[in-house]
Each structure stands twice: as structure tokens, then as C-alpha cells.
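Below is one structure, written out as C-alpha cells; the observations come after it.
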Amino acid sequence: MNILLTGFEPFDKEAINPSWEAVRALDGWRCEGAVVHARRISCVFGAALRELDPAIDELRPVLAIGVGQAGGRSEITPERVAINMDDGRICDNAGCQPIDVPVVAGAPAAYFSTLPIKAMVRALREAGIPASVSNSAGTFVCNHLFFGLMHRIAMRPAPGLRGGFIHIPYLPEQAVRFPGMPSMALETVTTGLRIAVATALAVHDDVRETGGQIS
């Protein structure tokens, strides 16, 4: 089995993006018989989805999880819902700043994550890592990717594939430039992602074996 983890390139004048630093640290990691494959995604509307699709086609993963930077957050936050809206407060890395434009014209207004987000948060907290469920992935490229992933899963179902998105805080080397800004060490983030992936995979296996549904 394969697991796809995506992280973004740096944006908004940052030198690094913690999502890519964390995801690439897990490339090749084996979890309960599954192998993690990391992919770096452009922080560009449209291009992000054009890069996601071939990765899914190539890997045929059982889990596809996007990871993104959320400066200002102090916890690892699995996202509950992706909305069909691109609305950039800043330009993406190609200079594009869509305002009130649907991610996919004619698609549903929103999709829910199919990851066991509450179980993931519970496991993270039990491990001593700050975590909570987030009800908004924003309207920038993170949400764009999240919505595009869930739309693909809905429109082109693949056996056993579940997907979702996780936001993570700044790294300390980023937050030091913004007094009072929360951060999380890369080692803690990568440990947290391991726990989140393992939890999602365990629940995935339980559902597959029992034929049940994740609530």
C-alpha cells in the first residue's frame, strides 16, 4: 500500500515551508505495511491540482493527505471541510490572486474530509502534542488543494482511497521574526504526522475489515 503526503513550496516571502520540511522527512517511512511518498506542490492556484493528479495516478494510494502551513496556529489541526472557493488575501507564487472564484465550477459547495480527524486529534493529544480539529482551511492554495483532492475522490472513486488535509504551525526559525507568534519544532511536527498517519491507517484498516463506516 502507498500513502501520499504533499507539502507546499515556500510562499509569501518565506525561505522555507514547514509543510514540505516535515513531509519530506517522512518520505520512505513504512507504517503498518504502507509506504509514505512525499510530493512537493507549487503554491499556485490551478498548478497545485495539476501536480496532485499524476501523483495519485502513479501511486494509487490508500491515503492522500495534504499538509500546509498555518502561521498563527499553535496546534496541529486536521481540517474538517474544504469549500469550493478561491479567495486570495495575497497573490500565489505565480502572481495570481483570485477573488471569489470557485475551485471547480459547478462542483458542490463543500466536501468533508474522509480522515478520522477526531481520532487523530485524540491520538496526538495523548502523545502530548497540541492538536485540535479545524473547521476552516481558509481560501488560499491549501483549501484549493484540499477541495481538489476531495472532488477527485468523489468524482473518480478509487478503491479504499481516503483523503484530507492537515495544517501545521510555523517552525521556530520562522516565528522568531514575529514576536509572540506560536511555533512548533520540526521534530514535534514530524512525530505528530506519524501519529496522524498511523491513526488514519489503523481506522482505515478497521473499516475495510468490518465493512463499517467512519463517523
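Residue numbers (my numbering): 10 to 224.
Glycine included, each C-beta is placed from N, C-alpha and C at the ideal position.
Small disclaimer: the values here were computed from a predicted structure and weren't measured.
| Check | Outcome |
| --- | --- |
| Indicate the three-state DSSP secondary structure (helix, strand or coil) for SER143 in the structure shown. | strand |
| Counting along the chain, where does the beta strand (DSSP E) carrying GLN78 start and finish? | 72–78 |
| In whole angstroms, what separates the C-alpha of ALA24 from that of LEU210? | 32 Å |
| Given that a residue counts as buried once 16 or more other Cβ atoms are within 10 Å of its Cβ, and exposed if not, what is GLY157? | buried |
| Would you report the Cα separation of LEU56 and ALA128, rounded to the nearest angstrom? | According to the sequence shown, residue 56 is Ala rather than Leu. Computed Cα separation, rounded: 32 Å. |
| To the nearest whole angstrom, what separates the beta carbons of ALA116 and ASN93, a pair I think is in contact under 8 Å? | 5 Å |
| Quick check: what's the CA-CA separation for ASP66 versus ALA43? | 17 Å |
| Determine which residues share a DSSP beta bridge with ASN11 and list them. | VAL44 |
| Drop a sphere of 10 angstroms on the beta-carbon of ARG171, count the other beta-carbons inside from all chains shown, and report buried for 16 or more, exposed for fewer. | buried |
| Assign THR219 to one of three DSSP states: helix, strand, or coil. | Any answer about THR219 is weak, because its pLDDT of 28 lies below 50 and its placement is not dependable; what the coordinates show is given next. It is helical. |
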